[in-house]
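If you're matching them up, the sequences are chains A and B in order.
When we follow my numbering, the leftmost residue of the first sequence carries the number 7, and every step to the right adds one.
When we follow my numbering, the leftmost residue of the second sequence carries the number 280, and every step to the right adds one.
Glycine included, C-beta positions come from ideal geometry on N, C-alpha and C.
Only a predicted model underlies this, so the values are computations on that prediction, with no experimental measurement involved.
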Amino acid sequence: MADSPAEQDPEALTPGQYAASMADPGSARAALDRGRFLTGMTVGLGGLMSAVIAAPALGFVLAPAFETDKHYDVDLGPTSLYPVDKANPFHVVTFTRDPDPTGDLDRRVAFIRNDGNDQFTAISNTCMHLGCPVRAFGSSGFGCPCHGGQYDAEGRRIAGPPVRPLNRYATKVVKGNLILGELYAMDESLHRHQLKAPGQPVTGLLSYLYPPAPQ
Amino acid sequence: MPRTRPTARELVVDAPLEWIEERSGFVGLIEKFLFRNVPSDTSWLQTLGSSLLIVFVLQATTGVLLAMNYDPSPAGAYNSIRYITDDATLGWLIRGMHKWGSSVMVILLFLHMARTFFFGAYKYPRELTWITGAILFILVMAMSFTGYLLVFDQRAYWATVVGVNINGTAPIVGPYLADFLKAGPTFNGQTLSRFYSLHMLVLPGGIITFIFLHNWFVVKLGVTSPPWSKKRYDESVARDSVESSR
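Structure (structure tokens):
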């Protein structure tokens with residue numbers, strides 16, 4: 007028999023002995039258990055309370071990382087503003103993408119080409135290397151001033167660091183007016199893909215490294 | 280024996296310090312930090328770290344002053360910067376100190392890191408000093424990135440667009456990281472607020488925390504001799520001194 011029950015392994019006691027050792031709240035074993043219980047409660051309840059505060063705070067901060075871009079149809083006026091022009095096929099159009107814009111941040115630029123028969127091509131000016139604005143060079147294509155990305159007249163990369171062709175806007179003609187719709191990504195064979203940020207491929211093995219925003 | 284009258288120094292300096300020391304222990308703490316032993320052959324190269332600390336304090340002070348006149352909104356940011364630079368009394372000086380101070384801080388940081396590397400001062404037992412220093416390096420880079428946007432001119436805007444898109448090219452986490460920084464799928468009004476909050480609240484808090492840890496290790500482990508030191512390095516003595524300081 008040990009002198010103090012607190013020094014003994016509880017498993018070594020019969021249930022009766024264990025209950026007897028706990029019966030006195032002033033006993034060493036009871037004090038030890040009380041200390042362990044209070045430590046556990048402090049850590050457990052403290053952790054729970056922290057989590058209750060931290061979870062909504064994290065949600066508040068991280069939610070914007072999982073949002074999808076809203077799109078607004080933009081009326082660019084009568085199609086007669088954008089005549090067919092072989093030498094300079096692209097009309098540079100500036101518009102605000104949001105009907106309720108925040109300063110200049112919602113200003114966008116698109117290159118509009120009239121393909122005849124009320125068919126239009128609208129190419130975005132965002133370079134697909136890292137997002138600088140490209141400019142049009144007559145009928146030969148587009149170039150970016152930041153890191154030298156070059157594109158042909160369809161927006162396909164011909165030189166420099168861009169990873170994919172220029173984005174395009176969906177177009178439609180309603181009552182004689184040209185309407186810009188959703189912005190979407192393009193691949194080399196000019197097929198439409200879900201929008202991704204510049205520098206992120208939409209085809210090939212590497213495209214799996216860049217999950218698109220949830221729809 | 281008659282009691283001598285206390286001197287002015289005892290009355291004005293020593294007595295208040297003793298009063299504080301008895302209640303807080305702060306005086307002893309500061310003495311331990313400032314009057315610690317260093318190897319006799321430490322060189323000017325070992326002042327780069329404390330220079331960094333001084334520049335950080337300058338950045339924090341001028342940053343607080345700039346925040347008093349800065350308007351973190353897309354419509355007002357550029358005008359408030361223009362007001363600070365052109366109209367506010369000595370605003371050009373405060374902003375200039377903050378702007379050039381940021382470059383000085385990055386330059387000093389690289390020199391300090393190079394000194395530590397070439398002295399071999401990152402080795403046992405100072406690994407944690409190096410690791411906390413590396414974290415401070417990342418935090419200072421993040422400070423530079425977030426501070427660059429706040430001027431909100433064309434260069435600030437496009438540099439940040441490019442910088443955010445570079446973040447976006449990190450595999451898997453990249454798109455989420457970029458959207459987190461932009462506070463949404465596109466650059467918007469909240470982007471500037473978010474960068475401002477990171478620049479003046481989140482990152483400085485992290486830097487202050489890690490400066491404290493970094494200095495804790497420096498004081499606890501002491502300073503290394505330069506590699507050209509004539510004194511023979513006795514590892515057993517060093518180990519003993521580390522053991523005894525525990």
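Check	Outcome
Cα-Cα, which of 82(A), 145(A), 135(A) and 126(A) is closest to residue 114(A)?	82(A)
Is the beta carbon of residue 457(B) closer than 7 Å to that of residue 467(B)?	no
Straight-line CA distance for residue 33(A) to residue 27(A)?	7 Å
Over what stretch of residues does the alpha helix (DSSP H) that includes residue 365(B) continue unbroken?	356-365
For the structure I just gave you, are there three or more beta carbon pairs, one from the stretch 132-146 of chain A and one from the stretch 160-177 of chain A, closer than 8 Å?	yes
Consider the Cβ of residue 203(A): report whether some Cβ of chain B lies at a distance smaller than 7 Å.	yes
Starting from the C-beta of residue 7(A), find all residues in its chain whose C-beta is less than 7 Å away, skip the five residues before and the five after it, and write them out in chain order.	Low per-residue confidence applies at residue 7(A): pLDDT is 46, beneath 50, and the placement is therefore not dependable, though the value from the model is reported in the following sentence. Taken in chain order, the list of residues that qualify is empty.
On the DSSP bridge assignment, give the partners of residue 120(A) in chain order.	126(A)
If residue 489(B) sits next to residue 411(B), beta carbons under 8 Å apart, how far is it from one beta carbon to the other, in whole angstroms?	5 Å
Could you spell out the range, first to last residue, of the beta strand (DSSP E) harbouring residue 81(A)?	80-84
Alpha carbon to alpha carbon, how far is residue 212(A) from residue 185(A)? Give it in angstroms, no decimals.	34 Å
What residues of chain A sit near residue 445(B), judged by a beta carbon separation below 9 Å?	136 and 205
Going by DSSP, what residues sit across from residue 157(A) in a beta bridge?	148(A) and 163(A)
Beta-carbon within less than 8 Å of residue 370(B)'s beta-carbon, same chain only, minus the 5 sequence neighbours each way: which residues are those?	348, 362, 363 and 364
At a CB distance below 9 Å, what residues from the stretch 70-82 of chain A approach chain B? Give them in sequence order.	70, 71, 72, 73, 74, 75 and 76
For residue 223(A), count the other beta carbons within 10 Å of its own beta carbon; 16 or more makes it buried, fewer makes it exposed. Which is it?	Since the first residue shown for chain A is 7 and the last is 221, residue 223(A) is missing from the structure and cannot be characterised.
Can you give me the Cβ contacts of residue 72(A) inside the same chain, cut-off strictly under 8 Å, excluding the 5 residues immediately before and after it?	219 and 220
Who are the near neighbours of residue 486(B) in its chain, counting only those whose CB is closer than 8 Å to its CB and skipping five residues on each side?	335, 415, 418, 419 and 422
Please list the residues of the stretch 427-460 of chain B that have a C-beta atom closer than 7 Å to any C-beta atom in chain A, keeping them in chain order.	437, 440, 441, 444, 445, 447, 448, 450, 451, 453, 454, 455, 457, 458 and 459
When burial is assigned at 16 or more other CB atoms within 10 Å of the CB, is residue 179(A) buried or exposed?	exposed
With a 10 Å radius around its C-beta and 16 neighbouring C-beta atoms as the bar for buried, classify residue 48(A) as buried or exposed.	exposed
Can you round the beta-carbon distance between residue 353(B) and residue 111(A) to whole angstroms, since I take them to be within the 8 Å contact cut?	6 Å
Sorted by chain position, which residues of the same chain lie with C-beta nearer than 6 Å to residue 425(B)'s C-beta, five sequence neighbours on each side aside?	474, 477 and 478
Counting only Cβ-Cβ distances shorter than 7 Å, please list the residues of the stretch 461-476 of chain B near chain A, keeping chain order.	462, 463, 464, 465, 466, 467 and 468
Could you compute how far the alpha carbon of residue 508(B) sits from the alpha carbon of residue 320(B)?	7 Å
With DSSP run on the structure shown, which of helix, strand or coil describes residue 105(A)?	coil
I'd like the list of long-range same chain contacts for residue 431(B), defined as Cβ closer than 8 Å, with 5 residues on each side in sequence excluded.	353, 356, 357, 360 and 471
To be precise: take each residue of the stretch 154-182 of chain A, compare its Cβ to all Cβ atoms of chain B, and keep it if any distance is under 9 Å. Which residues remain?	169
Between the beta-carbon of residue 116(A) and the beta-carbon of residue 99(A), is there less than 7 Å?	yes
Would DSSP call residue 180(A) helix, strand or coil?	strand
If we ignore side chains and look at the alpha-carbon of each, how far apart do residue 84(A) and residue 162(A) end up?	28 Å
Could you give the DSSP three-state label for residue 19(A): helix, strand or coil?	coil
Consult DSSP for residue 90(A) and reduce its assignment to one of helix, strand or coil.	coil
How long is the line joining the alpha carbons of residue 379(B) and residue 323(B), rounded to whole angstroms?	23 Å
For residue 100(A), name the three-state secondary structure that DSSP assigns.	strand
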